[in-house]
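Novice: Counted from 1, the sequence shown has number 7 at position 8 by numbering that gives the first Met the number 0; the numbering is strictly sequential.
I have a structure here, written as structure tokens, and I will follow up with some questions on it.
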Amino acid sequence: MYEDTLNTRKERNIFNRFLIYMIFIIFAILTLYPLIWLFYSSFKPQLEIIRDSFALPQDPTFSNYTQAIIKGKLNIYAVNSIIYTFVSTGLVIIFSMMASFAFAKIKNRATPFLYNSFLIGLLITIQAILIPLFISMTRIGLRDTRIGIIFIYVAINLPLAVYLGTEFVKAIPDSLIESAQIDGASYFRIFFKIILPMCKPVMVTILIFTALACWNEFMLALVFTSSDSVRSLPVGIFSFSGPLA
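This is the structure we're talking about:
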């Protein structure tokens with residue numbers, strides 16, 4: 000009787016595992032197949048795509064890529080996105096860690112007000128400030144420029160980065176900073192020798208969040224860029240379709 004119960008439980012476990020694996024396999028197929036289809040369809044001429052869009056390419060060609068790079072200026076868009084991502088992410092990390100150290104460890108009357116001002120940025124949506132921002136950027140001559148896009152990306156990503164950095168720096172014992180001050184270390188040296196080495200985990204987190212946000216950002220790049228030399232990759236790819244093609 001006991002052995003029969005164990006066998007029944009084993010059979011149920013096997014069936015449950017099989018069912019779970021099948022669900023995951025089906026989900027993986029549904030998720031990956033569109034990406035696979037996009038990849039092999041990129042090597043098909045237009046006639047093959049129209050005739051049988053799901054078939055494998057019979058006569059693979061790289062003409063789609065050459066046209067996208069030469070005529071579509073895809074290489075320029077990619078370089079712009081790389082510049083925006085690297086520069087904006089680097090500036091966000093530097094500025095956010097400096098602000099986080101000041102908010103967490105340097106106490107004065109203005110600290111709570113300034114910190115809360117950064118946190119308000121988390122509550123404001125881009126859509127709410129898009130028109131005033133567009134007018135301001137146009138007046139100061141930064142619309143349709145790389146510097147203007149980088150400036151916007153840094154500004155919209157700083158609030159979250161400052162919040163993450165400040166909460167992490169608060170967990171660092173004050174005794175470390177006090178000991179360094181007793182030894183004669185300045186705030187500048189404390190920041191670079193103590194704070195930054197201990198903040199590598201949160202810096203990596205900020206890097207990932209900011210880099211993904213800058214690389215995938217579409218709306219601001221669409222609104223604030225009009226020339227091909229400044230467009231980012233998402234906007235450039237969007238221009239390949241529809242009336243902008």
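Backbone N, C-alpha and C define an ideal beta-carbon position, used for all residues, glycine too.
Keep in mind the model is a prediction, meaning the values are calculated, not measured.
Would the segment 193 to 213 and the segment 56 to 71 be scored as touching if the rule is three or more Cβ pairs under 8 Å?
Specialist: No: the two stretches stay apart, fewer than three of their Cβ pairs being nearer than 8 Å.
Novice: What separation, rounded to the nearest whole angstrom, lies between the Cα atoms of I139 and G147?
Specialist: Position 140 of the sequence shown, counting from 1, holds the residue named residue 139. Position 148 of the sequence shown, counting from 1, holds the residue named residue 147. Looking at the two C-alpha atoms, the distance is approximately 10 Å.
Novice: Using a 10 Å radius around the Cβ and a threshold of 16 neighbouring Cβ atoms, would you call L232 buried or exposed?
Specialist: Taking the first residue of the sequence shown as 1, we reach residue 232 at position 233. With 16 or more other Cβ atoms within 10 Å, it is buried.
Novice: Does the distance from the C-beta atom of I236 to that of Y76 stay below 9 Å?
Specialist: Translated into positions along the sequence shown, residue 236 becomes position 237. Translated into positions along the sequence shown, residue 76 becomes position 77. Taking 9 Å as the Cβ cut-off, I236 and Y76 qualify as a contacting pair.
Novice: 9 Å is my cut-off, CB to CB: does N63 come that close to chain C?
Specialist: The structure shown contains no chain C, having only a single protein chain.
Novice: Where M96 and V161 are concerned, what is the direct C-alpha to C-alpha distance, given to the nearest angstrom?
Specialist: As a working mapping, residue 96 is identified with position 97 in the sequence shown. As a working mapping, residue 161 is identified with position 162 in the sequence shown. Each residue's Cα considered, the two are about 7 Å apart.
Novice: From F94 to L141, what distance separates their C-alpha atoms?
Specialist: Sequence index remark: in the sequence shown, residue 94 carries index 95 (1-based). Sequence index remark: in the sequence shown, residue 141 carries index 142 (1-based). Taking the straight line joining both Cα atoms gives about 21 Å.
Novice: Can you give me the C-alpha to C-alpha distance between L163 and V201, rounded to a whole angstrom?
Specialist: By 1-based counting over the sequence shown, the position of residue 163 is 164. By 1-based counting over the sequence shown, the position of residue 201 is 202. Distance between the alpha carbons of L163 and V201: 7 Å.
Novice: Could you check whether the segment 148 to 158 touches the segment 110 to 128, counting it as contact only if at least three pairs of C-beta atoms, one from each stretch, sit closer than 8 Å?
Specialist: The segment 148 to 158, when compared against the segment 110 to 128, does touch it at the 8 Å Cβ threshold.
Novice: Which first and last residues belong to the alpha helix (DSSP H) in which Q45 is found?
Specialist: In the sequence shown, the residue the question calls residue 45 occupies position 46. That run of the alpha helix (DSSP H) goes Q45 to R50.
Novice: For the alpha helix (DSSP H) that contains A98, what are its first and last residues?
Specialist: Numbered from its first residue, the sequence shown carries residue 98 at position 99. Unbroken alpha helix (DSSP H) run through A98: L73 to K104.
Novice: Whose C-beta lies closer than 7 Å to the C-beta of F100 among residues of the same chain, with five residues either side of it excluded?
Specialist: The residue labelled residue 100 in the question sits at position 101 within the sequence shown. These residues qualify, in order along the chain: V168, F190 and I194.
Novice: DSSP three-state label for E216, please.
Specialist: Looking up residue 216 in the sequence shown gives position 217. Here E216 sits in coil by DSSP.
Novice: Nearest CA to the CA of S40: which residue from F23, F61 and K72?
Specialist: For this step, residue 40 is matched to residue 41 along the sequence shown. Measuring from the Cα of S40, the nearest candidate turns out to be F61.
Novice: Answer with buried or exposed for I258, where buried requires no fewer than 16 other C-beta atoms within 10 angstroms of its C-beta.
Specialist: Since the first and last residues shown for the chain are 0 and 244, residue 258 lies out of range.
Novice: Just reading off the alpha helix (DSSP H) that F187 is part of, what are its end residues?
Specialist: Stepping through the sequence shown from its first residue, residue 187 is reached at position 188. Note, F187: alpha helix (DSSP H), Y186 to I189.
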